[in-house]
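Colleague:
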Amino acid sequence: MQSIFETIKKIAIKIDYAIKTEDLGYSDSENSSGEEQLKLDVKSDYIIELAFNDISIVKALVSEEKEGVLELHPNGIYTICYDPLDGSSLADVNLSVGSIFGIYKGELKGENLIASAYVVYGPRIELVIATKKGKPLHYRATEGLFNFIGEITLKEKWNINAPGGTQQNWSNHHKTFIDALFGEGYRLRYSGGMVPDLHQILLKGGGIFSYPETSDKPDGKLRQLFEIIPFAFIYEQAGGQAIDSKGKRLMELVPKHPHDTSPCFFGSNYEIEALKKAYKVKT
Ligand code: AHG
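The sequence shown begins at 180 in the numbering used here and counts up by one.
See below:
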């Protein structure tokens with residue numbers, strides 16, 4: 180497993196360099212969800228594929244940017260599901276973006292995720308790694324080397340509200356819930372990049388990130404294997420919660436297709452309990 184984390188560190192340095200130096204325009208291709216791919220998406224995906232090609236414990240890769248599973252090493256143990264450059268459409272306005280990695284053993288479903296990691300490309304490069312051994316571990320890169328900063332623990336309650344999706348397409352009960360948080364003094368912090376938005380909540384101590392079902396996206400937008408389950412694991416390991424709109428733990432998701440999406444909510448305990456009341460979830 181350590182070889183996977185060391186490879187992610189090398190990948191992070193390379194993708195960061197690509198973000199800083201390469202063309203920010205669109206490529207000629209689309210990803211499997213029919214979205215136009217940026218040249219940076221394609222490049223980041225290539226960097227990751229090439230890097231894991233050398234790691235024999237990696238059995239297969241599943242990328243947000245590709246259809247299907249790429250078999251690497253038949254005797255490998257782990258499948259890595261990754262979003263090479265989440266929020267890449269924010270790179271041209273110079274906002275932070277990120278890479279997300281979910282490491283699965285066996286069938287690709289939440290309960291088989293054994294570790295996850297994400298990288299934030301911002302003013303600095305930061306990395307968070309979570310395993311079942313304890314709290315998520317936070318690193319920051321200086322001159323190409325990652326230094327350990329500390330463990331991440333969410334408070335029971337804090338003040339960040341990061342509400343995703345187009346507001347005019349929210350349900351009334353979701354709008355009431357979000358407004359109620361602002362009424363309690365919560366502050367809006369939403370960049371449109373899942374990685375920096377969730378990272379901010381983790382490091383500042385708490386709050387809630389939501390991407391609900393909307394009238395135009397009844398199954399939400401964010402993808403279970405590459406985005407939701409890896410972050411759900413990190414939030415739970417940090418002492419928070421991650422659920423869907425029925426109150427089910429996101430770690431219990433069983434995707435039918437690698438690109439399946441789900442409504443999702445990540446937060447500290449107070450905010451997620453408030454969400455359950457607002458959504459009338461039976462506990
Ligand atoms: P993309 O990679 O197409 O830029 O999408 C980013 C994702 C995710 O990172 C973010 O949380 C969400 O989409 C934002 O979507 P909305 O703009 O609909 O809130």
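Where is the CB? At the ideal position from N, CA and C, for every residue including glycine. All of these numbers come straight from a predicted model, not from anything done at the bench.
Which term fits Asp271, buried or exposed, when burial requires 16 or more other beta carbons within 10 angstroms of its beta carbon?
Modeller: Numbered from its first residue, the sequence shown carries residue 271 at position 92. Asp271 comes out exposed.
Colleague: With distances taken from CA atoms, which of Ser242, Val221, Met180 and Ile227 is nearest Leu463?
Modeller: Residue 463 falls outside the range modelled here, since the chain spans only 180 to 462, and no answer is possible.
Colleague: Report whether the distance from the Cβ of Leu401 to the nearest heavy atom of the ligand AHG is below 7 Å.
Modeller: Locating residue 401 in the sequence shown gives position 222, where the first residue counts as 1. A distance criterion of 7 Å places the beta-carbon of Leu401 in contact range of the ligand AHG, judged by its closest non-hydrogen atom.
Colleague: Whole angstroms are fine: how far does the CA of Phe444 sit from the CA of Ser389?
Modeller: As a position in the sequence shown, residue 389 is number 210, starting the count at 1. As a position in the sequence shown, residue 444 is number 265, starting the count at 1. If you take the alpha carbons of Ser389 and Phe444, they lie about 4 Å apart.
Colleague: List the whole-angstrom C-beta distance separating Ile408 from Leu292, where the pair is believed to meet the contact cut-off of C-beta under 8 Å.
Modeller: Along the sequence shown, one-based indexing puts residue 408 at 229. Along the sequence shown, one-based indexing puts residue 292 at 113. The Cβ separation is near 5 Å, so the contact holds.
Colleague: CB-CB under 7 Å to Ser206, same chain, minus the five flanking residues each way: which ones, in chain order?
Modeller: The sequence position of residue 206 within the sequence shown is 27, counting from 1. Gln216, Leu217, Lys218 and Val221, listed in sequence order.
Colleague: Consider the C-beta atom of Glu214 and the heavy atoms of the ligand MG; say whether any pair is separated by less than 7 Å.
Modeller: The model depicted lacks the ligand MG and carries the ligand AHG instead.
Colleague: Who are the near neighbours of Gly313 in its chain, counting only those whose CB is closer than 8 Å to its CB and skipping five residues on each side?
Modeller: Taking the first residue of the sequence shown as 1, we reach residue 313 at position 134. Taken in chain order, the residues that qualify are Glu330 and Gln416.
Colleague: How many angstroms separate the CA atom of Ala294 from the CA atom of Lys245?
Modeller: By one-based count along the sequence shown, residue 294 stands at place 115. By one-based count along the sequence shown, residue 245 stands at place 66. So the two alpha carbons sit approximately 22 Å from each other.
Colleague: Whether or not the segment 370 to 386 and the segment 331 to 346 are in contact is what I'm after, with contact meaning three or more pairs of Cβ atoms, one per stretch, closer than 8 Å; do they touch?
Modeller: At 8 Å Cβ cutoff, the stretches touch.
Colleague: Measuring straight from C-alpha to C-alpha, what distance separates Leu382 and Asn254?
Modeller: Residue 382 sits at position 203 when you count from the first residue of the sequence shown. Residue 254 sits at position 75 when you count from the first residue of the sequence shown. So the two alpha carbons sit approximately 38 Å from each other.
Colleague: Going by DSSP, which residues form a beta bridge with Thr321?
Modeller: Counting from one through the sequence shown, the residue named residue 321 turns up at place 142. DSSP output for Thr321 lists Leu324 as bridge partner(s).
Colleague: Taking contact to mean at least 3 C-beta pairs separated by less than 8 Å, is the segment 423 to 439 in contact with the segment 304 to 311?
Modeller: no
Colleague: Using 10 angstroms around the beta-carbon of Gly266, count the other beta-carbons present and answer buried if the total reaches 16, otherwise exposed.
Modeller: Taking the first residue of the sequence shown as 1, we reach residue 266 at position 87. Classification for Gly266: buried.
Colleague: Comparing alpha-carbon positions, which option in Pro375, Gly301, Gly289 and Thr393 lies nearest Ile465?
Modeller: Shown here, the chain extends from 180 to 462; a query on residue 465 therefore has no answer.
Colleague: At the level of alpha carbons, what is the spacing between Val298 and Ile279?
Modeller: Numbered from 1 along the sequence shown, position 119 holds the residue referred to as residue 298. Numbered from 1 along the sequence shown, position 100 holds the residue referred to as residue 279. So the two alpha carbons sit approximately 7 Å from each other.
Colleague: Taking 8 Å as the threshold (C-beta atoms), are Ile413 and Pro263 in contact?
Modeller: Position 84 of the sequence shown, counting from 1, holds the residue named residue 263. Position 234 of the sequence shown, counting from 1, holds the residue named residue 413. Cβ atoms of Pro263 and Ile413: not closer than 8 Å.
Colleague: Do Phe184 and Ala320 come within 8 Å of each other at the CB atom, strictly closer than that value?
Modeller: Locating residue 320 in the sequence shown gives position 141, counting from the first residue. Locating residue 184 in the sequence shown gives position 5, counting from the first residue. Their beta carbons are not under 8 Å apart, which means Ala320 does not touch Phe184 by this criterion.
Colleague: From Thr393 to Glu450, what distance separates their C-alpha atoms?
Modeller: Translated into positions along the sequence shown, residue 393 becomes position 214. Translated into positions along the sequence shown, residue 450 becomes position 271. Near 20 Å, if we compare the C-alpha coordinates of Glu450 and Thr393.
Colleague: With 16 as the cutoff for other CB atoms within 10 Å, does Gly204 come out buried or exposed?
Modeller: Position 25 of the sequence shown, counted from the start, is the residue given in the question as residue 204. Here Gly204 is exposed. Its C-beta has fewer than 16 other C-beta atoms within 10 Å.
Colleague: Mind listing, in chain order, the continuous beta strand (DSSP E) runs of no fewer than 3 residues lying wholly within the segment 358 to 437?
Modeller: 386 to 390 and 420 to 422
Colleague: Asn340 lies in the beta strand (DSSP E); which residues open and close that run?
Modeller: As a working mapping, residue 340 is identified with position 161 in the sequence shown. It spans Ile339 to Pro342 - the beta strand (DSSP E) in which Asn340 sits, taken as one unbroken run.
Colleague: Under the rule that 16 or more other beta-carbon atoms within 10 Å means buried, what is Met180, buried or exposed?
Modeller: Numbered from its first residue, the sequence shown carries residue 180 at position 1. Under this definition Met180 is an exposed residue.
Colleague: On the three-state DSSP scale, how would you describe Lys336?
Modeller: Numbered from its first residue, the sequence shown carries residue 336 at position 157. Coil, per DSSP.
Colleague: If you drop the 5 nearest sequence neighbours on each side, which residues of the same chain put their C-beta closer than 7 Å to that of Lys188?
Modeller: As a working note, residue 188 is residue 9 in the sequence shown. Excluding residues within five positions, the ones whose Cβ falls inside 7 Å are Leu306 and Phe325.
Colleague: Cβ of Gly446 within 8 Å of Cβ of Gly372?
Modeller: For this step, residue 446 is matched to residue 267 along the sequence shown. For this step, residue 372 is matched to residue 193 along the sequence shown. With contacts defined by Cβ atoms closer than 8 Å, Gly446 and Gly372 do not form a contacting pair.
Colleague: Among Glu322, Ile236, Arg303 and Gly323, which has the Cα closest to the Cα of Gly285?
Modeller: Translated into the one-based positions of the sequence shown, residue 285 becomes position 106. Ranking the options by Cα distance to Gly285, first place goes to Ile236.
Colleague: Measuring only from the beta carbon, is Tyr458 closer than 7 Å to any heavy atom that is part of the ligand AHG?
Modeller: Reading the sequence shown from its first residue, position 279 is the one you call residue 458. Not under cutoff, so the answer is no.
Colleague: Could you name the residues that DSSP lists as bridge partners for Ser242?
Modeller: Counted from its first residue, the sequence shown places residue 242 at position 63. According to DSSP, which records beta bridges pairwise, Ser242 is partnered with Tyr261.
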